[in-house]
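Notes for the one structure printed next.
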DNA sequence: TTTTTTTTGGTGTCATCGCTCCACAAATCC
DNA sequence: GGATTTGTGGAGCGATGACACCAAAAAAAA
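Protein chains in written order, with this note's numbering: chain A, 94 to 307; chain B, 94 to 307.
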């Protein structure tokens, strides 16, 4: 709570900002996370951020620009585990298992809104928000591509059969994760998400690429 | 386009409605389906329904009441396949397989909005829409409960191991379906959803309740 | 035909949304 | 200290959202 200096430092002469820009951004992020873009009003934002409209406009340009910044902040703060785990030097199956387990935990933290800010955002919105919708779809595609790349590496490493349909497998696990997000937002307990994750790992491809039926 | 009589018939004396209430309701349903509740404005609605504000108010009471009617219409028209398939006299695995396959097809019809009206609706919304949010969560719970009941029947029929965690398995498949909805809304092709469904069936419990690993 | 009941089109209204403007305050620079 | 530069609080604004009202219209009932 100690008022820190702005992270980008003084920009020259003139009156300094009376608020912590980073802190305000995080407050906005949490609101957007919980309520979505359209569900968060300007007044909600400036109240939660503790600043006036003019300060808002001066520091963040517009609600839409703030949302984009909030997404970036989310990706770096609360979404980094995804890429972190993908980059760990474990075998591919273990990596996916850790990813799902971590997702279950992250989606049910009691110090942050439930679920994920990006996973199901702007899937239903007014046509005037088409840009936002495409932005979120792009974000989701990027996460899915990152997973696909890790799975492809798994094929190269011999962790997965050469016949594996990488893109489909990535789509499957991302679908599962997004469904977990809906569960979390509807109030599901962490244990429930962990069970979903465990069952999801049963779908992991076998050497013969076939079913798990006896 | 021929003006049909209202499906509930004349209600007595007085001027008859000049529009088809059912048709107007379906037009509203499609808008809500595509844009969500908050993303659909009053003007959008009356334009798509082809009626005036007073006719709207007279016939549907309010936007929120209309939304509830739209959900019911959706459940009966575009969501019925879910319960239909659950009620088919196939073995449990086949039933789930058909459910996922049908979902992939239904979520990518070109004559209707992509995805599902309920699966990811109101997961992020303003606090003023708390009632709506709970309504949608309840709807989702009902679909999940219906699936759980069918799975429980499967245990009783011997289609599933007695040790199966029914609720977890239902949560898993509903999560997958909801994730498929996000994929569909982001523009995924039907084939992609079918692949997700196919992979999802790999997670089907085996007799030993264990992994499919060799 | 007259009365009664119901629907309709058009307009008005009140609140909210997302800014925007401006006079002032608080720093730095000289 | 004065000039300059930048941020701030608060008031206001145009647009949109979701109705709400009312007089006219159109049908059945008498």
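Backbone N, C-alpha and C define an ideal beta-carbon position, used for all residues, glycine too. Please read all numbers here as calculations on a predicted model, not as lab measurements.
| With burial defined as no fewer than 16 other Cβ atoms inside 10 Å of the residue's Cβ, what is the status of residue 108 of chain B: buried or exposed? | By the neighbour-count rule (16 or more Cβ atoms within 10 Å), residue 108 of chain B is not buried but exposed.
| task | In the DSSP assignment, find the unbroken alpha helix (DSSP H) run with residue 160 of chain B in it and report its ends. | result | Boundaries of the alpha helix (DSSP H) harbouring residue 160 of chain B: 156-170, taken from the DSSP string.
| task | Express the C-alpha separation of residue 271 of chain B and residue 277 of chain A in angstroms, rounding to a whole number. | result | Taking the straight line from one Cα to the other gives about 12 Å.
| query | For a contact meaning CB atoms closer than 8 Å, what does residue 248 of chain A contact in chain B? | reply | Those do not exist, as residue 248 of chain A stays about 15 Å from chain B at its closest Cβ, beyond 8 Å.
| task | Classify residue 235 of chain A as buried or exposed, calling it buried when 16 or more other Cβ atoms lie within 10 Å of its own Cβ. | result | Residue 235 of chain A should be labelled exposed.
| query | If you measure beta-carbon to beta-carbon, which residues of the region 127-139 of chain B are closer than 9 Å to chain A? | reply | Considering only beta carbons, the part of the region 127-139 of chain B lying closer than 9 Å to chain A consists of 127, 128, 129, 130, 131, 132, 133, 134, 137, in chain order.
| message | Nearest by alpha-carbon distance to residue 118 of chain B: which of B/222, B/150, B/239, B/176 is it? | response | Considering only alpha carbons, the answer is B/150.
| request: Within the same chain, show all residues whose beta-carbon is closer than 7 Å to that of residue 275 of chain B, passing over the 5 residues directly before and after it, in chain order. | output: Close CB contacts of residue 275 of chain B within its chain, under the 7 Å cut and outside five residues either way in sequence, are with 213 (chain order).
| CB contact flag (residue 240 of chain A, residue 261 of chain A, <8 Å) | Not a contact, by the Cβ cut-off of 8 Å.
| message | Let me see if you follow: with CB-CB separation under 8 Å, is residue 293 of chain A close to chain B or not? | response | Answer yes: the Cβ-Cβ gap between residue 293 of chain A and chain B drops below 8 Å somewhere.
| task | Determine, using beta carbons only, whether residue 305 of chain B comes closer than 8 Å to chain A. | result | Because residue 305 of chain B sits at a pLDDT of 41, beneath the cut-off of 50, its placement in the model cannot be relied upon, and the following sentence gives the value as read from the coordinates. Closer than 8 Å: yes.
| message | For residue 146 of chain A, report the span of its alpha helix (DSSP H) as first-last. | response | It spans 146-153 - the alpha helix (DSSP H) in which residue 146 of chain A sits, taken as one unbroken run.
| What is the rounded straight-line gap between the Cα of residue 134 of chain A and the Cα of residue 205 of chain B? | Those two C-alpha atoms are separated by around 31 Å.
| task | Given a cut-off of 8 Å, decide if residue 191 of chain A and residue 42 of chain A are closer than it, judged by their beta-carbon atoms. | result | The requested residue 42 of chain A does not occur in the structure, where chain A is confined to residues 94 to 307.
| request: Would you mind working out which of A/131, A/238, A/247, A/158 sits nearest residue 222 of chain B, comparing C-alpha positions? | output: In terms of Cα proximity to residue 222 of chain B, the closest of A/131, A/238, A/247, A/158 is A/131.
| task | Alpha carbon to alpha carbon, how far is residue 193 of chain A from residue 290 of chain A? Give it in angstroms, no decimals. | result | For residue 290 of chain A and residue 193 of chain A, the distance between alpha carbons rounds to 5 Å.
| Below-8 Å beta-carbon distance, residue 251 of chain B vs any chain A residue | Between residue 251 of chain B and chain A, the shortest Cβ-Cβ separation is not below 8 Å.
| Going by Cα to Cα distance, which pick from B/215, B/259, B/208 is closest to residue 283 of chain B? | It is B/208.
| Cα-Cα separation between residue 114 of chain A and residue 254 of chain B, rounded to whole angstroms | Take the alpha-carbon of residue 114 of chain A and the one of residue 254 of chain B: they are about 56 Å apart.
| message | Quick check on residue 296 of chain A - is its C-beta less than 8 Å from some C-beta in chain B? | response | Closer than 8 Å: yes.
| residue 182 of chain A by DSSP, collapsed to three states: which one? | In the three-state DSSP reduction, residue 182 of chain A falls in the coil class, being neither helix nor strand.
| Contacts of residue 269 of chain A in chain B (Cβ-Cβ under 7 Å) | By Cβ distance, chain B contributes 268, 269, 272.
| field | Best match in A/280, A/286, A/248 for proximity to residue 298 of chain A [C-alpha to C-alpha] | value | Of the listed residues, the one whose Cα sits closest to residue 298 of chain A is A/248.
| task | Rank B/281, B/286, B/296, B/287 by C-alpha distance to the C-alpha of residue 288 of chain A and give the top, closest one. | result | Considering only B/281, B/286, B/296, B/287, the residue with the shortest C-alpha distance to residue 288 of chain A is B/296.
| message | Please report the distance separating the alpha-carbon of residue 225 of chain B from that of residue 211 of chain B. | response | Inter-residue distance for residue 225 of chain B and residue 211 of chain B is about 11 Å (C-alpha atoms, whole angstroms).
| request: Could you have a look at residue 216 of chain A and say whether DSSP puts it in helix, strand or coil? | output: Correct three-state label for residue 216 of chain A: coil.
| field | Limits of the alpha helix (DSSP H) - the one that residue 234 of chain A falls within | value | 223-250 is the extent of the alpha helix (DSSP H) around residue 234 of chain A.
| message | Determine whether the beta carbon atoms of residue 163 of chain B and residue 229 of chain B lie at a separation below 8 Å. | response | Cβ atoms of residue 163 of chain B and residue 229 of chain B: not closer than 8 Å.
| Short Cβ contact (8 Å threshold) for residue 286 of chain B with residue 267 of chain B | It is not a contact, given that the beta carbons lie outside the stated cut-off.
| Contacts that residue 218 of chain B makes with chain A (C-beta to C-beta distance below 7 Å) | Ordered by position in chain A, the residues that pass the 7 Å Cβ test against residue 218 of chain B are 128, 129, 132.
| message | Quick check on DSSP: helix, strand or coil for residue 211 of chain A? | response | Reduced to three states, the DSSP call for residue 211 of chain A is coil.
| Listed from N- to C-terminal order along the chain, which residues in the region 155-174 of chain A have their beta-carbon within a distance smaller than 7 Å of any beta-carbon of chain B? | The residues in question: there are none.
| Distance, residue 257 of chain B Cα to residue 301 of chain B Cα | Take the alpha-carbon of residue 301 of chain B and the one of residue 257 of chain B: they are about 10 Å apart.
| request: State yes or no: is the C-beta of residue 141 of chain A within less than 8 Å of the C-beta of residue 158 of chain A? | output: Result no, Cβ atoms of residue 141 of chain A and residue 158 of chain A do not sit closer than 8 Å.
| field | residue 97 of chain A at chain B interface by Cβ criterion, 8 Å | value | Only weak support is given to the placement of residue 97 of chain A: the predicted model assigns it a pLDDT of 35, under 50, and the value that follows is read from those uncertain coordinates. By this cut-off, residue 97 of chain A is not an interface position.
| task | Name, please, each residue of chain A whose Cβ falls closer than 9 Å to the Cβ of residue 285 of chain B. | result | Against chain A, the beta carbon of residue 285 of chain B has neighbours under 9 Å at 260, 261, 264, listed in chain order.
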